[in-house]
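Since the structure comes first, as structure tokens, the remarks are kept for the end.
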Amino acid sequence: MRKSDFNYSLPPELVAQYPASPRSASRLLHLDGASGACRDMKFADLPALLRAGDLLVFNDTCVIPARLLGYKDSGGRIEVLIERLLDVHRVLAQVRSSKPPRPGQKLILDGGATAVVQGREGEFYVLEFEIGVKLKESPLPLKGGEGEGKGEGVDESVTEILDRIGHVPLPPYIARADEGADRERYQTVYARHRGAVAAPTAGLHFDEAMLGRLKEMGVDSAFVTLHVGAGTFQPLRVEDIREHRMHAEYVRVLPGDSDKINSAKKEGRRVVAVGTTVVRALETAARDGRLDPFEGETDIFIYPGYRFQIVDALLTNFHLPGSTLLMLVCAFGGTENVLNAYRHAVEGRYRFYSYGDAMFVD
Numbered sequence: 039m040r041k042s043d044f045n046y047s048l049p050p051e052l053v054a055q056y057p058a059s060p061r062s063a064s065r066l067l068h069l070d071g072a073s074g075a076c077r078d079m080k081f082a083d084l085p086a087l088l089r090a091g092d093l094l095v096f097n098d099t100c101v102i103p104a105r106l107l108g109y110k111d112s113g114g115r116i117e118v119l120i121e122r123l124l125d126v127h128r129v130l131a132q133v134r135s136s137k138p139p140r141p142g143q144k145l146i147l148d149g150g151a152t153a154v155v156q157g158r159e160g161e162f163y164v165l166e167f168e169i170g171v172k173l174k175e176s177p178l179p180l181k182g183g184e185g186e187g188k189g190e191g192v193d194e195s196v197t198e199i200l201d202r203i204g205h206v207p208l209p210p211y212i213a214r215a216d217e218g219a220d221r222e223r224y225q226t227v228y229a230r231h232r233g234a235v236a237a238p239t240a241g242l243h244f245d246e247a248m249l250g251r252l253k254e255m256g257v258d259s260a261f262v263t264l265h266v267g268a269g270t271f272q273p274l275r276v277e278d279i280r281e282h283r284m285h286a287e288y289v290r291v292l293p294g295d296s297d298k299i300n301s302a303k304k305e306g307r308r309v310v311a312v313g314t315t316v317v318r319a320l321e322t323a324a325r326d327g328r329l330d331p332f333e334g335e336t337d338i339f340i341y342p343g344y345r346f347q348i349v350d351a352l353l354t355n356f357h358l359p360g361s362t363l364l365m366l367v368c369a370f371g372g373t374e375n376v377l378n379a380y381r382h383a384v385e386g387r388y389r390f391y392s393y394g395d396a397m398f399v400d
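Using the numbering used here, read the sequence shown as starting at 39 and increasing by one per residue.
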């Protein structure tokens, strides 16, 4: 099975640069996995595709402002993209610079923070932030150095530093700088657990009103946590997809949620995954058709030929050509069906990728 089997042609103007407003104003393409038939809908019509007793499973990860700008103490400009929070002071990160930073080198970050390169793990660097002082009553200097803080000081954690000086880590195909509104819009309304550096984008379409409508009609919900890493945007570098090795991401499935999902499966109710990250979390924790509580890492790679154990229907956005996410959707809905649906979406001028429209596959 080859990477080129999952290509399709996409005009660049169909890549969404901003989200729809309001959230539920996106379009929705319904793909019948059995027949391959496509139906053009609006996301506001999602309740028509669901029924009482269905169990929607959401990823409640929370995106952190993981992109940092600055320079090395030797003078070269850098861009840091946090991959994972290791503890209150250390992170795993990509560092883009003209020359690779060396262990012990200081990175001076715009906005007032310093990190020291501790070492390297593959393509990532371990950075330890030098803990400065956060002032209780008056802020530290703002981006660009404005302002002078006064007041009693306390240690500032990595997450507090990111909140203060970090940028929203918009995907590379969004060809603009992040804006203030992205802090709210590149985040689901149900985000709870901090740690992702990319949004679980299928969930971006839901607002409180939609969640309320679904609850009123008897649609149940459960949650898993998968902290999406920057590796989700890494292209496959091999043509034979069986040679590809996925990046690892943190997953947690709590006992109460696994019990709800197991009950739905036992009672013949549909388990509807909201996004490919939920699929990966559920299928990682599945054992012989049953879901176990789970906490750890997953590097599961789902491509056509995979036998799904838990997921009965999938809500997802449109994904990049030749990507592992597109391969997962093809595994679920059938490669020919899904690629035909993508061609239909291109012809219908749907909006693609993270801030784009949605597809429902059952």
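Cβ atoms here follow ideal geometry from the backbone N, Cα and C, with glycine treated the same way.
| Query | Result |
| --- | --- |
| Could you tell me which residues DSSP pairs with Leu69 in its beta bridges? | Cys76, Val399 |
| Considering only residues of the same chain and omitting the five flanking positions on each side of Val126, which have a CB-CB separation below 7 Å? | Ser195, Val196 |
| Pull the bridge partners of Asp258 from the DSSP assignment, please. | Leu93 |
| Give the secondary structure of Ile199 by DSSP, where H, G and I count as helix, E and B as strand, and everything else as coil. | helix |
| Just checking my contact of Ser301 with Leu329 at CB under 8 Å: how many whole Å lie between their CB atoms? | Between Leu329 and Ser301 the Cβ distance is about 10 Å, and since that is not below 8 Å, they are no contact. |
| Please tell me whether Leu66 and Asp92 are closer than 8 Å, where the distance is taken between their beta carbons. | no |
| Would you say Arg158 faces chain D, with C-beta separation under 8 Å as the test? | Of the protein chains in this structure there is only one, and it is not chain D. |
| Under the rule that 16 or more other beta-carbon atoms within 10 Å means buried, what is Cys368, buried or exposed? | buried |
| Whole angstroms is fine: what's the gap from Glu222's alpha carbon to Ala268's? | 19 Å |
| Label Gly394 either buried or exposed according to how many other C-beta atoms from any shown protein chain fall within 10 Å of its C-beta, with 16 as the threshold for buried. | buried |
| Just to confirm the assignment: which complete beta strand (DSSP E) runs, minimum length 3, are found wholly within the region 196–245? | 231–234 |
| So, for Leu352: in the same chain, excluding its five sequence neighbours on each side, which residues have a beta-carbon less than 6 Å away from its beta-carbon? | Ala311, Phe370, Val399 |
| Judging by CA-CA distance, which residue of Val155, Tyr391, Gly386 is the nearest neighbour of Leu364? | Tyr391 |
| Between which two residues does the alpha helix (DSSP H) carrying Leu377 extend? | 373–385 |
| Counting Cβ pairs closer than 8 Å, one from the region 129–144 and one from the region 237–245, do we hit at least three? | no |
| Start and end of the beta strand (DSSP E) containing Asn355? | 351–355 |
| Would you call the CB atoms of Leu52 and Arg381 closer than 8 Å? | no |
| Would Val101 pass as a contact of Val235 if the rule is Cβ separation under 8 Å? | yes |
| Quick check: is any heavy atom of the ligand ZN less than 7 Å from the C-beta of Ala396? | Looking for the ligand ZN in the displayed structure turns up nothing, as the structure carries no ligands at all. |
| Can you tell me whether Asp297 is helix, strand or coil according to DSSP? | helix |
| Judging by CA-CA distance, which residue of Thr373, Tyr224, Glu385, Asp111 is the nearest neighbour of Asn45? | Thr373 |
| Can you tell me the Cα-Cα spacing of Gly71 and Asn375, whole angstroms? | 7 Å |
| Would you please state the rounded distance, in angstroms, between the beta carbons of Pro85 and Met255? I believe it to be under 8 Å. | 6 Å |
| Determine the burial state of Pro57: buried for a count of at least 16 other Cβ atoms within 10 Å of its Cβ, exposed for fewer. | buried |
| CA-CA distance, Phe167 and Gly149? | 14 Å |
| Just list the residues that DSSP pairs Cys100 with in beta bridges. | Arg232 |
| What does a CB cutoff of less than 6 Å around Ala153 pick up in its chain, not counting 5 residues either side in sequence? | Leu145, Leu165, Phe167 |
| Could you round the C-beta distance between Thr314 and Thr354 to whole angstroms and report it? I think they count as a contact, below 8 Å. | 6 Å |
| Enumerate in chain order the residues of its own chain whose CB-to-CB distance from Gln225 is below 6 Å, with the five nearest sequence positions on each side excluded. | Val101 |
| Compute the Euclidean distance between the alpha carbons of Asp337 and Val289, then round it to the nearest angstrom. | 10 Å |
| Measure the beta-carbon distance from Ile299 to Ala260 and round it to whole angstroms, keeping in mind my assumption that it falls under 8 Å. | 6 Å |
| So, for Tyr163: in the same chain, excluding its five sequence neighbours on each side, which residues have a beta-carbon less than 6 Å away from its beta-carbon? | Ala131, Val133, Val155 |
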